[in-house]
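Here the structure comes first, spelled out in structure tokens, and everything after it is commentary.
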Amino acid sequence: MHVAVCVKQIPDPSVAPRLDASFHLERTAKILLDEADAYGVELALQLVESAGQGQVTLVSMGRDSDVTGIRGALAMGATSAIVVSDEGLRGADALTTAKVLASVLAELNADLVLAATESSDGYTGTVPAQIAELLGLPALTFATTVQVADSTVTVHRQTEDGFDEVRAPLPAVVTVTAGAVEPRYANFKGIMAAKSKTIEVRSLNDLGLSALAQAWGEEVVGVTPSPSRQAGTTIVDDGQAVSALVDYLDSIKVL
Amino acid sequence: MTTLWVLCEPKGSGVSTTSLELVSEARRLDGDVTAVTWGDHDVATELGRHGVSTLWHLGSFADQLPAAPVAAALAALLADQDIDGIVIPASYDGRDIAGRLSARMDRPVLTNVTGLLVDGGLVTEHPLFGGTMNARARVTSPGVAIIVVRPKSFAIEDRGAGAATVIPAPTVSSTVAVASIVHSSITERSGPALEDASIVVSGGRGLGEASAYALVEELAQLLGAAPGASRAIVDAGWVPYAYQVGQTGKTVKPTLYIACGISGATQHLVGMKGAQHIVAINTDKDAPIFAIADFGIVGDAKAILPQLIAALRARV
Ligand SMILES: Cc1cc2nc3c(=O)[nH]c(=O)nc-3n(C[C@H](O)[C@H](O)[C@H](O)COP(=O)(O)OP(=O)(O)OC[C@H]3O[C@@H](n4cnc5c(N)ncnc54)[C@H](O)[C@@H]3O)c2cc1C
Ligand SMILES: Nc1ncnc2c1ncn2[C@@H]1O[C@H](COP(=O)(O)O)[C@@H](O)[C@H]1O
Chain A
14 MHVAVCVKQI PDPSVAPRLD ASFHLERTAK ILLDEADAYG VELALQLVES AGQGQVTLVS
74 MGRDSDVTGI RGALAMGATS AIVVSDEGLR GADALTTAKV LASVLAELNA DLVLAATESS
134 DGYTGTVPAQ IAELLGLPAL TFATTVQVAD STVTVHRQTE DGFDEVRAPL PAVVTVTAGA
194 VEPRYANFKG IMAAKSKTIE VRSLNDLGLS ALAQAWGEEV VGVTPSPSRQ AGTTIVDDGQ
254 AVSALVDYLD SIKVL
Chain B
55 MTTLWVLCEP KGSGVSTTSL ELVSEARRLD GDVTAVTWGD HDVATELGRH GVSTLWHLGS
115 FADQLPAAPV AAALAALLAD QDIDGIVIPA SYDGRDIAGR LSARMDRPVL TNVTGLLVDG
175 GLVTEHPLFG GTMNARARVT SPGVAIIVVR PKSFAIEDRG AGAATVIPAP TVSSTVAVAS
235 IVHSSITERS GPALEDASIV VSGGRGLGEA SAYALVEELA QLLGAAPGAS RAIVDAGWVP
295 YAYQVGQTGK TVKPTLYIAC GISGATQHLV GMKGAQHIVA INTDKDAPIF AIADFGIVGD
355 AKAILPQLIA ALRARV
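These protein sequence lines are chains A and B, in that order.
Here the first sequence stands for residues 14 to 268, numbered as in the working numbering.
Here the second sequence stands for residues 55 to 370, numbered as in the working numbering.
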């Protein structure tokens with residue numbers, strides 16, 4: 014079984030994000046693997062382990078100057094990685110990202126493509142569906158459990174008020190929610206092994222996609238502070254806070 | 055004149071609330087609203103009443119994920135239309151449809167939209183960093199803009215108009231293998247629906263342990279409120295996903311939101327900062343939730359909630 018996992022490296026989300034003059038996210042924070050993608054990596058490893066054989070290929074688009082996050086996923090046990098890195102992709106929109114990833118995935122021809130439901134920094138949540146459409150594959154999105162048997166994938170798909178059991182033939186794209194599986198920690202052996210695993214770097218030219226460089230059809234025209242809510246009263250509980258709270262609730266007429 | 059079409063998502067025997075919000079806004083921006091839907095129920099009356107004059111029907115697509123067949127039929131339909139954009143609800147299926155439509159039509163997609171305006175063309179507004187900043191974006195290449203709008207961005211207006219005229223769209227067969235829905239499971243929950251409740255009481259990791267969530271439920275019941283949660287305790291398995299408020303959960307806009315042991319991460323704030331009044335209980339005086347709270351208590355939720363419950367019980 015061959016599972017491809019789309020993984021994105023993002024600036025450390027615990028560092029407050031900033032926008033630069035051209036409204037791109039400023040990428041000065043340390044680069045990490047998006048935590049949302051750790052679930053896909055773990056699930057891929059579990060599926061290959063229970064199939065008894067196979068490989069897990071990581072596919073990523075982003076700058077290749079720091080691949081610590083990708084190395085981390087290789088240390089968890091992924092087999093190899095392909096990173097598409099190109100100056101012409103800086104600030105790329107979701108569709109361009111999907112075209113780039115789909116072109117690598119088409120070549121890999123994996124049984125299953127995994128991604129997260131949304132990235133922690135871009136959170137468009139559309140890249141996986143775009144990839145599925147470009148590859149002509151079914152997409153089972155928002156999966157909280159995933160099972161593969163007899164060339165069929167079955168998931169529990171989160172819904173507004175519960176879940177649906179959804180099934181499709183392989184190959185397919187599946188997006189997994191946080192909490193679907195518990196990502197493993199890389200052990201020492203994994204970390205050592207990852208050092209010699211292949212991270213292949215490709216450019217737009219290598220993929221025959223030079224025309225995509227800086228060619229997306231949307232732009233940010235401005236960013237302004239929102240009229241923010243004024244903080245109101247904050248009191249420290251000295252044992253009397255509840256009666257003050259009840260007074261407040263009375264004053265807004267909700268009791 | 056800006057022409058916007060609205061994709062209306064079936065829900066139950068009607069359409070989703072977000073669909074009606076989008077219809078109402080499209081009607082404000084453009085007198086005459088064309089909508090597109092699918093499914094097995096007749097929604098022409100409901101949509102007509104809210105201002106839709108023409109309703110394209112794409113097909114039934116029962117017992118399967120609608121994204122692939124809806125996107126295929128919609129792309130074919132839109133190919134012959136000279137319109138500025140199509141607005142799509144930011145729901146599970148809405149997001150998938152928008153993604154597929156974008157790839158099929160080779161058009162960019164604008165997501166997480168909370169505002170629309172016309173300023174030399176269609177401009178979309180997007181909250182950034184938990185809604186502290188607001189970005190404006192637009193599609194630069196000529197053609198249809200695909201716009202995915204978050205729930206509760208616009209008010210619903212009932213215009214009391216007659217039923218929309220339904221036109222069946224040409225059938226298009228999607229070449230993508232069907233993703234079948236084998237079975238649906240509904241998580242039972244008590245009290246009002248989270249997204250419609252006028253009071254929401256939410257708990258977060260600060261409650262310390264799963265059993266303490268009972269305090270949130272008890273307070274919610276007393277207030278006739280819906281209980282909600284941060285993602286931290288949904289991921290931890292304390293409460294089902296259907297309770298989650300925030301970017302990847304529900305968007306709520308109640309009269310009163312009470313946050314107990316919730317830090318106020320940007321992804322939580324985008325789902326509740328539209329509340330009219332916000333109360334926060336948190337032990338950390340620097341917790342970001344206090345920056346948007348109208349009434350904050352720096353204190354232990356596990357001590358305050360039982361006192362509040364007792365005080366409210368004493369009143370009745
Ligand atoms: C892509 C993405 C999407 C996300 N979507 C969502 C979403 O939809 N909804 C969401 O909620 N989060 C979402 N998150 C997660 C979000 O970033 C936060 O991690 C989460 O909201 C934190 O939950 P919390 O406030 O319960 O926990 P914490 O951040 O751990 O905060 C707990 C708080 O409780 C306080 N506390 C501790 N003890 C007590 C006590 N005894 N009494 C009172 N207070 C106490 C602490 O001071 C602290 O402020 C998302 C994250 C990502 C990356
Ligand atoms: N640049 C990228 N490289 C690899 N995977 C990506 C990239 N962008 C998006 N993805 C995948 O698609 C998911 C959804 O991303 P998004 O549409 O940006 O919210 C991510 O969580 C990843 O799994």
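Glycine residues also receive a C-beta, built at the ideal position from the N, C-alpha and C atoms.
Since the structure is predicted, the reported quantities are computational estimates derived from the model, not experimental observations.
Close Cβ partners of residue i (< 6 Å) along its chain, the five nearest in sequence each way excluded
i	result
Ser139(A)	For the record, residue 139(A) in the displayed sequence is Thr; it is not Ser. Only Ala107 meet the Cβ criterion.
Ile363(B)	Glu272, Leu273
Met326(B)	Val299, Val306, Tyr311
Glu75(B)	Phe208, Ile210
Thr137(A)	Ala107
Ala145(A)	Ala152, Val186
Pro308(B)	Ala251, Ser252, Ile253, Val254, Ala329
His331(B)	Leu310, Asp348
Gly278(B)	none
Val288(B)	Tyr295, Gln298
Thr72(B)	Pro143, Pro205
Val161(A)	Leu60
Per-residue burial, residue i [other beta carbons within 10 Å of its own, 16 or more giving buried]
i	result
Thr302(B)	buried
Val124(B)	buried
Ile221(B)	exposed
Val189(A)	buried
Asn218(A)	exposed
Ser116(A)	buried
Met89(A)	buried
Asn122(A)	exposed
Arg103(A)	exposed
Tyr52(A)	buried
Thr172(A)	buried
Glu62(A)	exposed
Tyr198(A)	exposed
Pro151(A)	buried
Leu339(B)	Reading off the sequence shown, one finds Lys at residue 339(B), where the question assumed Leu. With fewer than 16 Cβ atoms within 10 Å of its Cβ, Lys339(B) is classed as exposed.
Gly75(A)	buried
Ile240(B)	exposed
Val130(A)	Note on identity: in this sequence residue 130(A) is Thr, with Val being the wrong assignment. Flag for Thr130(A) reads buried.
Gln22(A)	buried
Ala29(A)	exposed
Val214(A)	exposed
Val179(A)	buried
Ala119(A)	exposed
Phe344(B)	buried
Gly315(B)	buried
Own chain residues within Cβ distance below 8 Å of residue i, not counting five before or after
i	result
Thr276(A)	This structure does not reach residue 276(A), given that chain A is present from 14 up to 268, and the question cannot be answered.
Gly68(B)	His95, Val97, Glu100
Leu131(B)	Val90, Trp110, Leu112, Ala223, Pro224
Asp25(A)	Ala42, Lys43, Ile44, Leu45
Thr70(A)	His15, Val16, Ala17, Val18, Ala91, Thr92, Ser93, Ala94, Ile95, Leu121, Ala123
Cβ neighbours of residue i in the same chain (closer than 7 Å, five flanking residues each side left out)
i	result
Ala116(B)	Asp94
Thr6(A)	With chain A running from 14 to 268 in the structure shown, residue 6(A) is simply not present.
Leu83(B)	Thr56, Leu58, Leu170, Val172
Pro182(A)	Ser164, Thr165
Val324(B)	Pro181, Gly184, Gly185, Gly300, Gln301
Chain C contact for residue i (CB, 7 Å cutoff)
i	result
Ser73(B)	This model lacks chain C altogether, as its protein chains are A and B.
Legend entry - Those runs of the beta strand (DSSP E) which lie wholly inside the region 109–183 of chain B and span at least 3 residues: DSSP runs (the beta strand (DSSP E)) wholly in the region 109–183 of chain B: 139–143, 163–167, 169–172, 176–182.
Legend entry - Residues passing the C-beta test against ligand 1 heavy atoms, cut-off 5 Å: Listed by position along the chain, the residues with Cβ atoms less than 5 Å from a non-hydrogen atom of ligand 1 are Ser133(A), Gly258(B), Arg259(B), Gly260(B), Ser284(B), Arg285(B), Ala286(B), Gly300(B), Gln301(B), Thr302(B), Gly303(B), Gly315(B), Ile316(B), Ser317(B), Ala319(B), Gln321(B), His322(B), Asn336(B), Thr337(B), Asp338(B), Ala341(B), Asp354(B), Ala355(B).
Inset, instruction - Enumerate, from N- to C-terminal direction, the unbroken alpha helix (DSSP H) stretches of 4 or more residues contained entirely within the region 132–179 of chain A. - result: Runs found: 140–148.
Legend entry - Stretch pair the region 189–198 of chain B + the region 206–213 of chain B: three plus CB contacts closer than 8 Å: No, because fewer than three Cβ pairs between the region 189–198 of chain B and the region 206–213 of chain B fall closer than 8 Å, the two stretches do not touch.
Inset, instruction - Assess, as a yes-or-no matter, whether the region 43–63 of chain A is touched by the region 78–87 of chain A under the definition of 3 or more beta carbon pairs within less than 8 Å. - result: Yes: the two stretches touch, three or more of their Cβ pairs being nearer than 8 Å.
Legend entry - Minimum length 4: unbroken alpha helix (DSSP H) runs contained in the region 304–333 of chain B: Every alpha helix (DSSP H) stretch that sits fully inside the region 304–333 of chain B and reaches 4 residues is listed by chain position as 320–323.
Legend entry - beta strand (DSSP E) runs contained entirely in the region 45–131 of chain A, provided each spans 3 or more residues: Considered as a whole, the region 45–131 of chain A harbours 68–74, 93–97, 125–129 as its complete beta strand (DSSP E) runs of no fewer than 3 residues, in chain order.
Inset, instruction - May I ask you to verify whether the region 147–166 of chain B touches the region 92–108 of chain B, counting CB pairs closer than 8 Å and requiring at least 3? - result: These segments do not touch.
Legend entry - Any 3 or more C-beta pairs closer than 8 Å across the region 241–251 of chain A and the region 347–365 of chain B: As far as the Cβ criterion goes, the region 241–251 of chain A touches the region 347–365 of chain B, which means the pair count is three or higher.
Inset, instruction - Report yes or no: do the region 257–268 of chain A and the region 138–154 of chain A share at least 3 C-beta pairs separated by less than 8 Å? - result: No: fewer than three Cβ pairs fall under 8 Å.
Legend entry - Secondary structure, alpha helix (DSSP H): runs of 4+ residues fully inside the region 199–283 of chain B: You should have 267–277.
Legend entry - Contiguous beta strand (DSSP E) assignments of at least 3 residues, all confined to the region 173–237 of chain A: Complete beta strand (DSSP E) runs here, min 3: 175–182, 185–189, 212–215.
Inset, instruction - Evaluate the contact criterion for the region 230–247 of chain A versus the region 56–70 of chain B: three or more CB pairs, one atom per stretch, below 8 Å. - result: Too few Cβ pairs lie closer than 8 Å, so no.
Inset, instruction - Give a yes or no on contact between the region 136–154 of chain B and the region 200–207 of chain B, applying the rule of three or more CB pairs nearer than 8 Å. - result: Counting C-beta pairs with one atom in each stretch, the region 136–154 of chain B and the region 200–207 of chain B have three or more that are closer than 8 Å, which means they touch.
Legend entry - At least 3 beta-carbon pairs within less than 8 Å: the region 218–237 of chain A vs the region 177–194 of chain B: Flag = yes, the region 218–237 of chain A and the region 177–194 of chain B touch.
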